[in-house]
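Working notes for the structure below.
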Amino acid sequence: MLTIQDLVVQYPKTEEHAIDHLNVTLEKGEFVCVLGKSGAGKSTFIRSINRLQRPTSGTIKWEGTDLTKLSEAKMRRVRSEMVMIFQHFNLIPRMTVFQNTLTGAFGRRAPYKNLFGIFSEQEKKRGFLALEEVGLERHANKRVEALSGGQKQRVGIARALLQDPKLLLGDEPVASLDPSTSRRIFELMKRIHEERELLSIINVHDVQLAKEFATRIIAFRDGKLIFDGKPEEVDERM
Ligand code: ADP
Ligand code: ADP
Numbered sequence: 481m482l483t484i485q486d487l488v489v490q491y492p493k494t495e496e497h498a499i500d501h502l503n504v505t506l507e508k509g510e511f512v513c514v515l516g517k518s519g520a521g522k523s524t525f526i527r528s529i530n531r532l533q534r535p536t537s538g539t540i541k542w543e544g545t546d547l548t549k550l551s552e553a554k555m556r557r558v559r560s561e562m563v564m565i566f567q568h569f570n571l572i573p574r575m576t577v578f579q580n581t582l583t584g585a586f587g588r589r590a591p592y593k594n595l596f597g598i599f600s601e602q603e604k605k606r607g608f609l610a611l612e613e614v615g616l617e618r619h620a621n622k623r624v625e626a627l628s629g630g631q632k633q634r635v636g637i638a639r640a641l642l643q644d645p646k647l648l649l650g651d652e653p654v655a656s657l658d659p660s661t662s663r664r665i666f667e668l669m670k671r672i673h674e675e676r677e678l679l680s681i682i683n684v685h686d687v688q689l690a691k692e693f694a695t696r697i698i699a700f701r702d703g704k705l706i707f708d709g710k711p712e713e714v715d716e717r718m
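In our numbering, the protein residues as written are 481 to 718.
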């Protein structure tokens with residue numbers, strides 16, 4: 481489903497490769513956790529997949545299409561199948577939970593909707609269902625500033641659900657949350673992953689969380705893949 485061949489990512493004015501000749505194939509249904517110390521290349525890896533970061537060389541094939549060769553217009557279409565959950569939530573300030581969920585998912589296609597918050601009845605209905613799915617229906621009319629960190633991340637997940645994703649990407653989605661909230665966010669992501677039969681690729685620096693939830697773990701060090709295997713094979717010091 482996602483085949484990465486000889487991927488190199490090098491940032492301008494740097495000597496090292498942030499991703500160094502990576503080869504890996506990930507399949508639908510896998511819940512992949514990505515481990516590695518800060519600076520190992522986890523974030524660069526995730527952002528190369530949805531092309532927030534342009535690779536230096538190599539190929540990234542998503543369902544047979546090489547994303548590194550796509551025009552920006554075609555990439556936009558493909559990107560709509562990929563959702564990203566961020567460490568810092570990336571919510572729109574001063575908007576309510578409901579407005580954030582809908583604007584994030586449907587606002588992009590018609591920017592004017594951002595200004596007026598006009599959505600079809602069907603979109604509103606889907607928005608409410610997504611909030612129910614993440615357990616936030618009672619908070620729909622709260623401003624996002626009033627939420628806890630875990631609740632903010634649930635808004636991020638509800639917004640992602642409205643895109644009907646096939647691929648769930650997480651760039652340290654629980655790094656700013658406490659341990660019990662982190663576990664609940666992982667439980668939610670895993671439930672959604674299973675219900676929708678996604679491919680999920682989640683960066684996490686907590687080895688225990690990865691071992692508990694992942695079906696497959698990969699680990700980076702200095703941009704190189706140093707582990708690819710089952711959770712029970714992971715060395716705790718990774
Ligand atoms: P991780 O997510 O594992 O912490 P990153 O992918 O953020 O790792 O970083 C991998 C390497 O690339 C690090 O050496 C980091 O300093 C470098 N790097 C990341 N982003 C940039 C950037 N925008 N410009 C230059 N170097 C970067
Ligand atoms: P986070 O833990 O949220 O990834 P970081 O401190 O690793 O935070 O990175 C914050 C931002 O800075 C990211 O957008 C990353 O790409 C960028 N960045 C990281 N390392 C470097 C670097 N060496 N040079 C320039 N930008 C970097």
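The beta carbon of each residue, even a glycine, is placed where N, CA and C say it ideally should be.
Computed from a predicted structure; not experimentally measured.
Length-filtered (3 minimum) beta strand (DSSP E) runs lying within the stretch 558-627: Within the stretch 558-627, the complete beta strand (DSSP E) segments of 3 residues or longer fall at 562-566, listed in chain order.
Rounded separation between PRO583 and GLY509 - CA only: According to the sequence shown, residue 583 is Thr rather than Pro. Cα to Cα, the separation comes out at about 28 Å.
CA-to-CA distance, GLY519 to GLU692, given in whole angstroms: Whole-angstrom Cα-Cα distance: 24 Å.
Spatially closest choice to LYS670 from HIS685, ILE698, ILE637, VAL687, by CA coordinates: Nearest C-alpha to LYS670 among HIS685, ILE698, ILE637, VAL687: ILE637.
Bounding residues of the beta strand (DSSP E) (the contiguous stretch that carries GLY709): Residues 704-709.
One or two residues paired with VAL488 in a DSSP bridge: DSSP output for VAL488 lists SER537 as bridge partner(s).
Own chain residues within Cβ distance below 6 Å of ALA699, not counting five before or after: In the same chain as ALA699, and ignoring 5 residues on each side of it, the C-beta atoms closer than 6 Å to its own belong to LEU515, GLY516, ILE706, PHE707, MET718, in chain order.
C-beta contact flag for PRO581 and LEU611 at 8 Å: The sequence shown places Thr at residue 581, not Pro. Annotated as proximal: THR581 and LEU611, with beta-carbon spacing under 8 Å.
Cα-Cα separation between ILE697 and SER660, rounded to whole angstroms: The alpha-carbon of ILE697 is positioned some 21 Å away from that of SER660.
Helix, strand or coil at GLY636 according to DSSP, with G and I counted as helix: Look at GLY636 here: in three-state DSSP terms it is helix.
Residue burial classification, ALA640 (beta-carbon count within 10 angstroms, cutoff 16): A buried status is given to ALA640, since no fewer than 16 other beta-carbon atoms sit within 10 Å of its beta-carbon.
Option in ARG618, ASP644, GLN633 with minimal Cα separation from VAL558: Nearest to VAL558 by alpha-carbon distance, out of ARG618, ASP644, GLN633, is ASP644.
Candidates ASP702, ARG701, GLY703, GLU674, of which the one nearest VAL512 by Cα: By alpha-carbon distance to VAL512, the top candidate from ASP702, ARG701, GLY703, GLU674 is GLU674.
Best match in ARG663, ARG574, ASP651 for proximity to LYS622 [C-alpha to C-alpha]: Comparing C-alpha distances from LYS622 to each of ARG663, ARG574, ASP651 shows the shortest one belongs to ARG574.
Residue burial classification, SER653 (beta-carbon count within 10 angstroms, cutoff 16): Here residue 653 is Pro; the residue named in the question, Ser, does not match the sequence. The residue is buried, with at least 16 neighbouring Cβ atoms inside 10 Å.
GLY509 - DSSP class collapsed to helix/strand/coil: Coil at GLY509, not helix or strand.
Given SER680 as reference, the closest of ASP686, GLU561, ARG531 once Cα atoms are compared: Comparing Cα positions, the closest option is GLU561.
Proximity test, SER518 beta-carbon vs ligand 1 heavy atom, cut-off 7 Å: At least one heavy atom of ligand 1 lies less than 7 Å from the C-beta of SER518.
Whole-angstrom C-beta distance between PHE599 and PHE608, which should lie under 8 Å: About 11 Å separates the two Cβ atoms, so there is no contact after all.
Cβ-heavy atom distance, SER523 to ligand 3, below 7 Å: Annotation note on ligand 3: not contained in the displayed structure, which lists ligand 1 and ligand 2 as its ligands.
Contact check, MET564 vs LEU616, beta carbons under 8 Å: Not closer than 8 Å, so no.
Any non-hydrogen atom of ligand 1 closer than 7 Å to THR494 Cβ: Yes, the Cβ of THR494 comes within 7 Å of a heavy atom of ligand 1.
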